[in-house]
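> Our numbering applies: residue 88 is where the sequence shown begins, and numbers increase by one. C-beta atoms are modelled at their ideal positions from N, C-alpha and C, and glycine is treated no differently. My structure is below; once you've seen it, I'll send some questions.
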Amino acid sequence: MKRVMVLVASAFLLPAPLPASEPVVPAEEPLVTADVPRPVISEIVSEDQNTERGFAGVVQGENVVTLAFQTSGRLSTLNVDVGDVVARGDVLATLDGITLEEDLAASRAALSAAAAEARLGRQQFDRTTRLVELGVATTAALEQARAYRDATAASLRSAEAQLSQAEDAAAYGTLLAPRDGIILSTQAEPGTLVSPGTAILELVDVLGREAVIDVPTEYVTLLPRRAIFDVRHHSASVTPVKAVLRLVEPVADANLDTRRLRLTLQDPPDDFRIGSLVTATYATETAPVISLPAGAIGGTEDAPGVWRVGPGRAVEFVPVELGPEVGRRVVITSGVGDGDEIVVRGASSLEEGQIVGEHRE
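Below, the structure written as structure tokens:
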């Protein structure tokens with residue numbers, strides 16, 4: 088009886104048979120066909136805006152000279168101030184004349200004493216020579232007299248040289264303007280004790296003026312040797328002038344990654360004074376400077392090229408000539424023109440005539 092009940096319970100626990108169903112077929116992946124445009128990122132070629140940037144700068148003197156005394160002394164007077172216009176021969180500064188005169192008097196007195204000693208030395212030598220000839224003095228005494236004569240003669244020559252230096256110092260106690268110019272800066276105050284060569288002031292030529300600007304380091308590679316710039320005064324009423332690139336300073340500013348350019352102003356009006364604020368813009372007369380990201384360049388090193396989007400969004404491989412690298416971009420000297428659409432990302436797997444998607448930057 089127990090065995091029958093277990094069999095009946097087991098029958099109730101059996102799972103029900105599954106209903107018949109259709110075989111499961113995996114979903115088909117969409118096929119990529121030639122009719123589906125390939126997504127890429129492209130760029131419309133235009134003139135590089137870097138060449139149109141304006142760089143702030145300041146007008147400085149082209150020929151700056153540092154003036155100093157040729158002798159030491161205490162600065163007595165400084166007759167000019169920053170910005171003063173001076174003419175050739177004007178007295179700019181003087182040293183303490185009393186001190187110079189005292190040095191000159193002391194040198195003259197030392198010369199007189201040395202001359203007296205030299206005369207005495209010659210007289211003693213002559214007298215000792217005669218005594219030796221008479222057999223009264225010894226040879227040792229003659230040698231001693233000769234040494235004394237030579238020593239006093241050397242002292243005389245030293246005193247003469249010191250007097251000459253004192254006379255030059257007295258003459259150099261006045262600092263004169265070597266040419267017409269403008270006082271750019273003063274670097275000493277009256278009462279300062281100065282040495283020969285100590286900078287007293289800076290004088291700048293009134294005619295030679297230049298604009299000094301700082302530009303990004305990569306920007307320099309776009310400029311020819313004597314690039315022309317348009318320089319505008321900070322006052323809108325002043326007529327702009329042309330300037331020629333004179334010098335690219337060899338030392339770069341590592342913190343700002345810039346280079347300093349010096350531009351010679353051509354016939355600037357009087358409004359372009361030393362210290363005036365200006366803005367300089369590269370005034371290129373050549374073809375527009377075109378650059379593309381380095382990733383857009385394909386082909387080989389000997390035959391580089393880019394993918395240009397043509398009619399119907401079909402791409403074609405166009406050979407190009409490369410110029411210098413400007414940061415992460417490369418200058419294109421020929422092969423593409425203003426308004427061309429160039430693939431800049433996704434170009435590595437394109438084929439001639441392939442259809443690409445709409446322009447995306």
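1) Which same chain residues end up closer than 8 Å to residue 435 when comparing Cβ atoms and leaving out the 5 residues on each side of it in sequence?
2) Taking the alpha-carbon positions, what's the residue 190 to residue 281 distance?
3) Can we say the region 236 to 250 touches the region 205 to 218, given the rule of at least three CB pairs closer than 8 Å?
4) Buried or exposed: where does residue 379 fall if 16 or more other Cβ atoms within 10 Å of its Cβ makes it buried?
5) Which word fits residue 201, buried or exposed, when buried means at least 16 other C-beta atoms lie within 10 angstroms of its C-beta?
6) Taking the beta strand (DSSP E) that residue 290 belongs to, which residues open and close that run?
7) Is any non-hydrogen atom of the ligand GTP found closer than 7 Å to the C-beta of residue 195, if you look at the structure I gave you?
8) State the Cα-Cα distance for the pair residue 248 and residue 326, rounded to the nearest angstrom.
9) CA-CA distance, residue 219 and residue 207?
10) Using the Cα positions of residue 402 and residue 392, report the straight-line distance between them to the nearest angstrom.
11) Whole-angstrom Cβ separation of residue 363 and residue 145, contact assumed at under 8 Å?
12) For residue 290, which option in 183, 173 and 333 has the closest C-alpha, if you only look at C-alpha atoms?
13) From residue 329 to residue 431, what distance separates their C-alpha atoms?
14) Looking at C-alpha atoms only, which residue of 167, 257 and 229 is the closest neighbour of residue 195?
15) For residue 152 and residue 141, I'd like the C-alpha separation in whole angstroms.
16) Looking at the unbroken beta strand (DSSP E) that takes in residue 421, where does it start and where does it end?
17) What are the start and end residues of each continuous beta strand (DSSP E) run of 3 or more residues lying completely inside the region 355 to 408, in chain order?
18) Nearest-angstrom Cα distance between residue 341 and residue 313?
19) If we ignore side chains and look at the alpha-carbon of each, how far apart do residue 294 and residue 285 end up?
20) What is the residue span of the beta strand (DSSP E) that residue 129 lies within?
21) Compute the beta-carbon to beta-carbon distance between residue 167 and residue 182, rounded to the nearest angstrom, for a pair I have assumed lies under 8 Å.
22) What does the alpha-carbon distance come out to for the pair residue 339 and residue 300?
23) Using a threshold of 8 Å, state whether the C-beta atoms of residue 131 and residue 426 are closer than that.
24) According to DSSP, is residue 163 helix, strand or coil?
25) For residue 232, I'd like the list of residues in its chain whose CB is within less than 6 Å of its CB, leaving aside the five on either flank, ordered along the chain.
26) Residue 303 bridges to which residues according to DSSP?
27) Is the beta carbon of residue 154 sitting closer than 8 Å to the one on residue 271?
28) With DSSP collapsed to three states, give me the class of residue 178.
29) Along the chain, where does the alpha helix (DSSP H) containing residue 228 start, and where does it finish?
30) Alpha carbon to alpha carbon, how far is residue 245 from residue 365?
31) Would you list the one or two residues that DSSP bridges to residue 188?
32) What is the DSSP secondary structure of residue 323, reduced to helix, strand or coil?
33) Taking its Cβ as the centre, do 16 or more other Cβ atoms sit within 10 Å of residue 355, making it buried, or is it exposed?
34) Taking the beta strand (DSSP E) that residue 270 falls in, what are its first and last residues?
35) Does the beta-carbon distance from residue 298 to residue 350 come in below 8 Å?
36) Less than 8 Å between the CB atoms is what I'm expecting for residue 416 and residue 381, so what's the real figure, rounded?
Short version:
1) Your numbering for residue 435 matches position 348 in the sequence shown. Cβ within range, chain order: 385.
2) Here residue 190 refers to the residue found at position 103 of the sequence shown. Here residue 281 refers to the residue found at position 194 of the sequence shown. About 16 Å.
3) yes
4) To locate residue 379, count along the sequence shown from 1; it is residue 292. Classification of residue 379: buried, given that the 10 Å Cβ count is 16 or more.
5) To locate residue 201, count along the sequence shown from 1; it is residue 114. Buried.
6) Translated into the one-based positions of the sequence shown, residue 290 becomes position 203. Residues 286 to 291.
7) Absence of the ligand GTP is noted for the structure shown, with no ligands found whatsoever.
8) Taking the sequence shown and counting its residues from 1, the one referred to as residue 248 is at position 161. Taking the sequence shown and counting its residues from 1, the one referred to as residue 326 is at position 239. The alpha-carbon atoms of residue 248 and residue 326 are separated by roughly 59 Å.
9) Position 132 of the sequence shown, counted from the start, is the residue given in the question as residue 219. Position 120 of the sequence shown, counted from the start, is the residue given in the question as residue 207. About 18 Å.
10) Working through the sequence shown from its first residue, we reach residue 402 at position 315. Working through the sequence shown from its first residue, we reach residue 392 at position 305. C-alpha separation (whole angstroms): 12 Å.
11) What you label residue 363 is simply residue 276 of the sequence shown in a count that begins at 1. What you label residue 145 is simply residue 58 of the sequence shown in a count that begins at 1. That pair is a contact at about 7 Å.
12) As a working mapping, residue 290 is identified with position 203 in the sequence shown. When each option's Cα is compared against that of residue 290, the closest is 173.
13) As a working note, residue 329 is residue 242 in the sequence shown. As a working note, residue 431 is residue 344 in the sequence shown. Each residue's Cα considered, the two are about 37 Å apart.
14) Your numbering for residue 195 matches position 108 in the sequence shown. Residue 257 is the option with its Cα nearest to residue 195.
15) If you number the sequence shown from 1, residue 152 lands on position 65. If you number the sequence shown from 1, residue 141 lands on position 54. Whole-angstrom Cα-Cα distance: 30 Å.
16) Within the sequence shown, the letter at position 334 stands for residue 421. Segment 416 to 421, the beta strand (DSSP E) holding residue 421.
17) 364 to 369, 377 to 380, 391 to 396 and 402 to 406
18) Working through the sequence shown from its first residue, we reach residue 341 at position 254. Working through the sequence shown from its first residue, we reach residue 313 at position 226. Each residue's Cα considered, the two are about 25 Å apart.
19) If you number the sequence shown from 1, residue 294 lands on position 207. If you number the sequence shown from 1, residue 285 lands on position 198. Distance between the alpha carbons of residue 294 and residue 285: 26 Å.
20) Here residue 129 refers to the residue found at position 42 of the sequence shown. Note, residue 129: beta strand (DSSP E), 128 to 131.
21) Within the sequence shown, residue 167 is the residue found at index 80, counting from 1. Within the sequence shown, residue 182 is the residue found at index 95, counting from 1. That pair is no contact at about 15 Å.
22) Residue 339 sits at position 252 when you count from the first residue of the sequence shown. Residue 300 sits at position 213 when you count from the first residue of the sequence shown. Spanning the two alpha carbons is a distance of roughly 13 Å.
23) Here residue 131 refers to the residue found at position 44 of the sequence shown. Here residue 426 refers to the residue found at position 339 of the sequence shown. Taking 8 Å as the Cβ cut-off, residue 131 and residue 426 qualify as a contacting pair.
24) In the sequence shown, counting from the first residue as 1, residue 163 sits at position 76. Strand, per DSSP.
25) Reading the sequence shown from its first residue, position 145 is the one you call residue 232. Taken in chain order, the residues that qualify are 211, 212 and 215.
26) Taking the sequence shown and counting its residues from 1, one reaches residue 303 at position 216. Partner(s): 345.
27) What you label residue 154 is simply residue 67 of the sequence shown in a count that begins at 1. What you label residue 271 is simply residue 184 of the sequence shown in a count that begins at 1. Cβ distance not < 8 Å, so residue 154 and residue 271 don't count as in contact.
28) By one-based count along the sequence shown, residue 178 stands at place 91. Strand, per DSSP.
29) For the purposes of this step, residue 228 is taken as residue 141 along the sequence shown, with counting starting at 1. 226 to 258 is the extent of the alpha helix (DSSP H) around residue 228.
30) Residue mapping note: residue 245 aligns to position 158 of the sequence shown, counting from 1. Residue mapping note: residue 365 aligns to position 278 of the sequence shown, counting from 1. Approximately 58 Å, taken between the alpha carbons.
31) Taking the first residue of the sequence shown as position 1, residue 188 is located at position 101. According to DSSP, which records beta bridges pairwise, residue 188 is partnered with nothing at all.
32) Position 236 of the sequence shown holds residue 323. Note: residue 323 maps to coil in three-state DSSP.
33) Locating residue 355 in the sequence shown gives position 268, where the first residue counts as 1. The residue in question, residue 355, is buried, as its Cβ has 16 or more Cβ neighbours within 10 Å.
34) The residue you call residue 270 lines up with position 183 of the sequence shown. Element bounds for residue 270: 268 to 273.
35) Residue 298 sits at position 211 when you count from the first residue of the sequence shown. Residue 350 sits at position 263 when you count from the first residue of the sequence shown. The answer is yes: Cβ separation under 8 Å.
36) Residue numbering aside, residue 416 sits at position 329 when the sequence shown is read from its first letter. Residue numbering aside, residue 381 sits at position 294 when the sequence shown is read from its first letter. Contact flag correct, Cβ pair sits at about 7 Å.
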